[in-house]
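S.K.:
Residue numbers (the working numbering): 269 to 727.
1. Residue ranges of each beta strand (DSSP E) run of no fewer than 3 residues wholly in the region 521-581, ordered along the chain?
2. Give the straight-line distance between the Cα atoms of residue 544 and residue 537, rounded to the nearest whole angstrom.
3. Contact between the region 514-532 and the region 701-715 is defined here as three or more beta-carbon pairs at a separation below 8 Å; is this criterion met?
4. Could you give the DSSP three-state label for residue 687: helix, strand or coil?
5. Between residue 598 and residue 591, what straight-line distance do the alpha-carbon atoms span, to the nearest angstrom?
6. Under three-state DSSP, which class holds residue 502?
7. Could you tell me whether the Cβ atoms of residue 503 and residue 309 are closer together than 7 Å?
8. Taking 8 Å as the limit between beta carbons, can you name the residues of its chain near residue 547, skipping five residues before and five after?
9. How far does the beta strand (DSSP E) with residue 309 in it extend, from its first residue to its last?
10. In angstroms with no decimal places, state the Cα-to-Cα distance between residue 341 and residue 435.
11. Give the DSSP-derived three-state secondary structure of residue 665 in the structure shown.
12. Which whole-angstrom value describes the C-beta separation of residue 531 and residue 722, a residue pair presumed to lie in contact below a C-beta threshold of 8 Å?
13. What's the call for residue 498, buried or exposed, on a 16-neighbour Cβ count within 10 Å?
14. Taking the C-alpha atoms as reference points, what is the distance between residue 316 and residue 509?
15. Just the C-alpha distance for residue 433 and residue 285, rounded to the nearest angstrom, thanks.
16. Grab me the residues of residue 638's own chain with a C-beta within less than 6 Å of its C-beta, minus the 5 sequence neighbours each way, in chain order.
17. Kindly confirm or deny that the region 288-304 and the region 319-326 touch, where touching means at least three C-beta pairs closer than 8 Å.
18. Which whole-angstrom value is the C-beta distance of residue 694 and residue 715, which I expect to be below 8 Å?
19. Applying the 10 Å Cβ sphere with the 16-neighbour rule, what's the burial state of residue 646?
20. Is it the case that the region 660-674 contacts the region 567-584, given that we only count it when at least three CB pairs across the two stretches are under 8 Å?
21. If you follow the alpha helix (DSSP H) that residue 612 is part of, which residue opens it and which one closes it?
22. Note down the Cα distance separating residue 594 from residue 569, rounded to an integer number of angstroms.
23. Within 10 angstroms of the Cβ of residue 233, are there 16 or more other Cβ atoms? Answer buried if so, exposed if not.
24. Would residue 651 and residue 625 be called neighbours here (beta carbons separated by less than 7 Å)?
25. Mapping DSSP to helix, strand and coil, what is residue 513?
26. To the nearest angstrom, how far is it from the Cα of residue 300 to the Cα of residue 585?
27. Which class does residue 724 belong to by DSSP, given the choice of helix, strand or coil?
28. What separation, rounded to the nearest whole angstrom, lies between the Cα atoms of residue 656 and residue 535?
29. On the premise that residue 331 lies in contact with residue 306, defined as a C-beta separation below 8 Å, what is that separation, rounded to the nearest angstrom?
30. Would you call residue 372 buried or exposed, if buried means 16 or more other Cβ atoms sit within 10 Å of its Cβ?
31. Checking 7 Å against the spacing of the C-beta atoms, do residue 493 and residue 719 come in under that value?
32. Using the Cα positions of residue 541 and residue 580, report the straight-line distance between them to the nearest angstrom.
33. If we ignore side chains and look at the alpha-carbon of each, how far apart do residue 679 and residue 688 end up?
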């Protein structure tokens, strides 16, 4: 039988797992290619995932509410119409062995069926086109020098597969203290077994040095009579996790500046109807802001970097993430190569991504590889804020409410007058490990000057 694996996609470069929140199809349903078949939830996105092929949904492996590693097979589609459909219920084990060799695990290990603890098949597989013969040898595993488990990288290491975590727990090893060969330092089965066989010592899971980031140093609050207790959604829990990790990773500092949007407001008022008639797109302030930021990044490339240990990676691509508030959380779709787009192009890309984000229609690659983020709390009336950096980036800009204010202006004759101007406060949270305050303020001043001096022909 010709079957196609449906896998858990990676919805962000730092995301190691996702929660299958809802099945849109049931076993036996006919499916068209690219038709949504299930919904997933991560800290970055809630999205509908399309079918990779047309056919019949033959088997559901991962049930609703279950969290699995990226690249895990969650279902299988039978592409030969009329072929037998598996009787597996949602969340049941995969069908009997079809005679093919076991696929390599998502974390680089091989699923074990002989001796020791059996691997859970749906958590230890990779796409069919990945061959174990092409896997590079895993580097020797080493204990972390820091050993405090507080860095963003340490938290990613703990996102290893359930099998790896089980082996570590059985041997009293805290995987947060180890450097693995998987994506973002994830510890693989081969890594943990090699470390155990080497006889090296590592802090145990219960040691103070190995305490995971996010562990509570204070007692947890308890509900009082009449209180309502609701569990966090998967998206909210992961956002919480990553925000705490970001604060512990980057040395956060925030600067503020006031920007006069009066000129931009006049350009919008003058050309808005013509622009919307010609493009079918609404013209907001955000495209002007994004354009100014991309120009600023060219002048100050450190704003478009990432920190890798004692090295700084200067990103060549300028990919601007724009935070979009949803009823169920927050998502940051990314405008790729924004510096190559005109203001009209930025407008089209922004409106398209925002609309599809709210409709859960974003693809995984559209929330990945951001290099700088802009968030706009001002749309809700907030004057200013101190946003948390979106790792592994080094800066995030907050846009406050754009509103009319009385300002003191000095005329050509030197006389001061009171005038009504359209203004907003901008904030810039930056990583003080690599960005000095002077550079951050110069970047903000550049963005301010660009916005305040846009030419009429910018559109």
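Backbone N, C-alpha and C define an ideal beta-carbon position, used for all residues, glycine too.
M.R.: So, from the listed chains and residues:
1. Listed in chain order, they are 573-576.
2. Approximately 12 Å, taken between the alpha carbons.
3. Using a Cβ-Cβ distance cut-off of 8 Å, the region 514-532 and the region 701-715 are in contact, since at least three pairs of beta carbons, one from each stretch, lie closer than that value.
4. In this structure, residue 687 counts as strand in the three-state DSSP scheme.
5. Going by C-alpha positions, residue 598 is about 7 Å away from residue 591.
6. When DSSP states are grouped into helix, strand and coil, residue 502 belongs to the helix group.
7. One thing to note: residue 503 has its Cβ within 7 Å of the Cβ of residue 309.
8. So the list reads 612, 615 and 616, once near-sequence residues are dropped.
9. Here the beta strand (DSSP E) through residue 309 covers 304-309.
10. Straight-line Cα distance between these residues: approximately 22 Å.
11. Residue 665 carries a strand assignment under DSSP once its states are collapsed to helix, strand and coil.
12. With 8 Å as the limit, residue 531 and residue 722 qualify as a contact, their Cβ atoms being about 6 Å apart.
13. Classification of residue 498: exposed, given that the 10 Å Cβ count is below 16.
14. It is roughly 23 Å from the alpha-carbon of residue 316 to the alpha-carbon of residue 509.
15. So the two alpha carbons sit approximately 14 Å from each other.
16. Only 587, 589 and 602 meet the Cβ criterion.
17. The region 288-304, when compared against the region 319-326, does touch it at the 8 Å Cβ threshold.
18. The pair is a contact, with the Cβ atoms about 7 Å apart (cut-off 8 Å).
19. Buried, since its Cβ has 16 or more Cβ neighbours within 10 Å.
20. A contact is defined here as three or more CB-CB pairs under 8 Å, and the region 567-584 meets this definition with respect to the region 660-674.
21. Run containing residue 612: 611-626, per the alpha helix (DSSP H) assignment.
22. So the alpha carbons of these two residues sit roughly 31 Å apart.
23. The requested residue 233 is not part of the displayed model; the chain covers only 269 to 727.
24. Contact: no.
25. Of the three classes helix, strand and coil, the one that applies to residue 513 here is helix, per DSSP.
26. Cα-Cα distance, rounded: 35 Å.
27. Residue 724 falls in the helix class under three-state DSSP.
28. Those two C-alpha atoms are separated by around 32 Å.
29. Not really, about 11 Å apart at Cβ, beyond 8 Å.
30. Confidence in residue 372 is poor, its pLDDT being 39 and thus under 50, which makes the residue's placement too unreliable to answer from.
31. The Cβ-Cβ distance between residue 493 and residue 719 does not fall below 7 Å.
32. One Cα belongs to residue 541, the other to residue 580, and the distance between them is close to 45 Å.
33. Inter-residue distance for residue 679 and residue 688 is about 14 Å (C-alpha atoms, whole angstroms).
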